[in-house]
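Step one of this worksheet: look at the structure below.
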Amino acid sequence: MISRKLTTEQLIARRLKIRSWNHKIGAKVAPHYTPSMGVRNPAAPEKLSLSLLLSSYAHMGHSTSLWNPLTQPFIYGKRDGIHIISLDQTMVYLRRAISVVREVAKAKGVVVFIGTRNGQKDSVVNAAKRARGFHVFDRWLPGLITNARNVQGNLGGKIVAVDDNGRVVPTEESPKFVIPDLMVILNPLENRGACLEAQKASIPTIGIIDSDADPKMVTYPIPANDDSLRCTDLIVGLLSKAAEQEYNQNSASVNKASSYLPRA
138 MISRKLTTEQ LIARRLKIRS WNHKIGAKVA PHYTPSMGVR NPAAPEKLSL
188 SLLLSSYAHM GHSTSLWNPL TQPFIYGKRD GIHIISLDQT MVYLRRAISV
238 VREVAKAKGV VVFIGTRNGQ KDSVVNAAKR ARGFHVFDRW LPGLITNARN
288 VQGNLGGKIV AVDDNGRVVP TEESPKFVIP DLMVILNPLE NRGACLEAQK
338 ASIPTIGIID SDADPKMVTY PIPANDDSLR CTDLIVGLLS KAAEQEYNQN
388 SASVNKASSY LPRA
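Numbering (my numbering), first residue to last: 138 to 401.
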């Protein structure tokens, strides 16, 4: 075989031809999971399924050495020294929690979302926006409920309003303390103080209960993996989405009713 030296133009043409061949091979990237999807655009409650829970690792419990016997009804079995949570139980309790959030939103109640672990900030902030509620992502200050007038009054800040053009207009009104109608806690073990204050104030709570937690810490437990951010994002997204749907439905009903009012 006789080799010959190619010119610069020939090298460029060969490179372009090889590139065109390579672009035609391989697989197309199908729609895939990205962490921001569950935070900014969570699944609707109607989309809740066992496959969705399974893909978020909601079934993975803790080591059997850390097991809390009170979670026995939630346990499906164990594998390699780790408890497996029954997703059938998770579905039942999660649907009940969604119904509770819907009723609170229907009554225009105040919902507080609490998630103080690393990585939970974005999910609780976005959930609070959807549910028109409040959020706690740093740490729970003792007395936020039982001593709300003094503790919340010392948090500082100011109240602002937004005009029709979207501009922020400061007001002279000082912040007032808020007593929630429902508290959603993503990590009850690290927020025992919040659970105790809610119990003293007779405020219902929804919490993610892993195999090492006490279900009696909250009013409406959801047996699931509290260590997986994908799982906590999914659950808080479903709950906040239910509240958002209820608010949108109420707004649509009000607008429809006002359109039938007689004109003066």
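All C-beta atoms, glycine included, are put in the ideal place defined by N, C-alpha and C. None of the values given here were measured: they were computed from a predicted structure.
Taking the Cβ atom as the reference point for each residue, do residue i and residue j lie within a distance shorter than 9 Å?
i, j, result
"A338", "D347", "no"
"P182", "A379", "yes"
"V261", "H272", "yes"
"N178", "G252", "no"
"G374", "N255", "no"
"V249", "P317", "yes"
"V321", "A285", "no"
"K243", "E383", "yes"
"L326", "I343", "no"
"Y357", "R267", "no"
"A195", "C332", "no"
"P353", "L207", "One detail in the question is off: residue 353 reads as Lys in this sequence, not Pro. Going by C-beta atoms, K353 is nearer than 9 Å to L207."
Within 10 Å of its beta-carbon, does residue i have 16 or more other beta-carbons around it, so buried, or fewer, so exposed?
i, result
"A150", "exposed"
"S193", "buried"
"D370", "buried"
"G270", "buried"
"Q257", "buried"
"A283", "Correcting the residue type first, residue 283 is Thr in the shown sequence and not Ala. So T283 ends up on the exposed side."
"R156", "exposed"
"L203", "exposed"
"R216", "exposed"
Report, in whole angstroms, the separation of the C-beta atoms of residue i and residue j, which I expect to be a contact under 8 Å.
i, j, result
"S365", "M174", "About 15 Å; that fails the 8 Å criterion."
"V176", "D275", "The Cβ separation is near 18 Å, so there is no contact."
"I359", "Y230", "5 Å"
"V238", "L376", "5 Å"
"G330", "P279", "6 Å"
"H199", "D349", "4 Å"
"W277", "N328", "5 Å"
Following the continuous alpha helix (DSSP H) through residue i, name the residue where it begins and the one where it ends.
i, result
"V229", "L224 to K243"
"L319", "Looking at the DSSP string, L319 is not in any alpha helix (DSSP H); the run it does join, the beta strand (DSSP E), is L319 to I322."
"T145", "T145 to H160"
"R286", "A285 to V288"
"R267", "K258 to A268"
"G330", "R329 to K337"
"L187", "L187 to S192"
Enumerate in chain order the residues of its own chain whose CB-to-CB distance from residue i is below 6 Å, with the five nearest sequence positions on each side excluded.
i, result
"D363", "N324, I345 and D347"
"I212", "H220"
"Q226", "F211 and P360"
Output needed for residue i: all residues of its chain with C-beta closer than 8 Å, excluding positions within five of it in sequence on either side, in chain order.
i, result
"L143", "R151"
"E228", "The residue asked about is misnamed: residue 228 is Met in this sequence, not Glu. Hits under 8 Å: L185, L187 and L190."
"W158", "none"
Considering only residues of the same chain and omitting the five flanking positions on each side of residue i, which have a CB-CB separation below 7 Å?
i, result
"G214", "I221"
"A401", "Residue placement at A401 cannot be trusted, given a pLDDT of 49 that sits under 50; the coordinates are not used to answer."
"I235", "P182, L375, L376 and A379"
"M138", "With a pLDDT of 46 at M138, under the threshold of 50, the modelled position of this residue cannot be trusted, and the question is left open."
Would you mind reading off the limits of the beta strand (DSSP E) that contains residue i?
i, result
"V247", "Careful: V247 lies outside any beta strand (DSSP E) and carries neither H nor E."
"K215", "I212 to R216"
"S200", "M197 to S200"
"G344", "T342 to I346"
"F271", "F271 to V273"
"I359", "Y357 to P360"
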